[in-house]
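Note that our numbering has the sequence shown beginning at 207, numbered continuously upward. The beta-carbon is built from N, C-alpha and C at its ideal position, and this holds for glycine as well. All of these numbers come straight from a predicted model, not from anything done at the bench. Report on the following structure.
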Amino acid sequence: MPAALFGRLWSLAATLVVALAAAATGFATTVAIGFSGSRVYDRPAVIVLGSGNNLSVLVTDGPARLLLAAGDDSAAFGNALAKTRPLGGDRIDVLLLAGTTNDVTFLSRARRTAEGRHVEALGNPELIGALGLPADALLLSPRRFQLTRETHVTVETVDRSETAEGPSFAWRATIDHGTTRLLVLSDGRALGDFASVGPVSALLVGGEHAVESLSQVDTQVLVVSAVALAGKEVRGDVAEFARSRKYVVRVFAGDATSFAFTDGGLELPARAVSVGGTPEPAVGSR
207 MPAALFGRLW
217 SLAATLVVAL
227 AAAATGFATT
237 VAIGFSGSRV
247 YDRPAVIVLG
257 SGNNLSVLVT
267 DGPARLLLAA
277 GDDSAAFGNA
287 LAKTRPLGGD
297 RIDVLLLAGT
307 TNDVTFLSRA
317 RRTAEGRHVE
327 ALGNPELIGA
337 LGLPADALLL
347 SPRRFQLTRE
357 THVTVETVDR
367 SETAEGPSFA
377 WRATIDHGTT
387 RLLVLSDGRA
397 LGDFASVGPV
407 SALLVGGEHA
417 VESLSQVDTQ
427 VLVVSAVALA
437 GKEVRGDVAE
447 FARSRKYVVR
457 VFAGDATSFA
467 FTDGGLELPA
477 RAVSVGGTPE
487 PAVGSR
């Protein structure tokens, strides 16, 4: 065999081996990333997204994902959501857009960012037209979403346009996983417009009046927006409205803070701060 022909055949064989090796490496890498990504949502959890003056909430359990978007900072919302998503795990099954016509810019961008398969809006009917959604996309209150056998989310809304103080529209979401319950409020001032749900493991409140709701809800954990409540205000405000020690978690804009469900209840993030309340005076004391 001529040397030139042998050289060409050898070069072709070497190229084929390199190509096969590269293909095998690529396949192994894809499988590893896919496996790693699938583990991110293994544990049922509530992930709170810092989206400005309000809080957005992602509820995950196995393959099911429900996202309630609220706030005024679409860039922060996008950054926080990106931190929760594994490669190839962008799917949002149910996207709930909460707000008023004043929040259309944020909600429109949140809708494009999240790309939910099923979209509903929490707000007055005018919000539907402003977002370009069909009429049947307006959430009917109450609305229950069953994610899995263990996890469901119930959403309720109230029109407060006749109320002198506070927001003209409010909502709350009750997240249940087994016997563990979390309560999400759009605004602390609207709590009295809803029926009591009893003790909850954690209270998540958007807006600047979050701490006020502590005097009306039996909970040990308060989750608030860091934009709405400054760190230096936490201890003083909690002491004013709370009667017992609480854990307070401030969620910063662009951050994603996870609360995983456990057999015993709820796993708190490391940033939870223990704050003492004001004990009620004993009977007969002055």
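Exercise for the section: Mark S480 as exposed unless 16 or more other C-beta atoms lie within 10 angstroms of its C-beta, in which case mark it buried. Expected result: exposed
Handout entry: CA nearest to the CA of H358, picked from D365, P348, S367
Key = P348
Handout entry: CB contact flag (H383, E356, <7 Å)
Key = yes
Practice task
Take the Cβ of P250 as the centre, count every other Cβ of all protein chains shown within 10 Å, and call the residue buried at 16 or more, exposed below.
Solution key: buried
Problem - Contact belief for S431 with G256 at Cβ below 8 Å, rounded distance in angstroms - result: 7 Å
Handout entry: Ranges of the beta strand (DSSP E) found wholly within the segment 342-424, counting only runs of at least 3
Key = 349-352, 357-365, 375-383, 386-391, 408-411
Exercise for the section: Indicate the three-state DSSP secondary structure (helix, strand or coil) for G322 in the structure shown. Expected result: strand
Problem - Distance, V252 Cα to A478 Cα - result: 15 Å
Practice task
Return helix, strand or coil for R449, following the three-state DSSP convention.
Solution key: coil
Practice task
Decide if the segment 386-401 is in contact with the segment 336-350; the criterion is three or more beta carbon pairs, one per stretch, under 8 Å apart.
Solution key: no
Exercise for the section: Would you list the one or two residues that DSSP bridges to T290? Expected result: Answer is none; T290 lacks a bridge partner.
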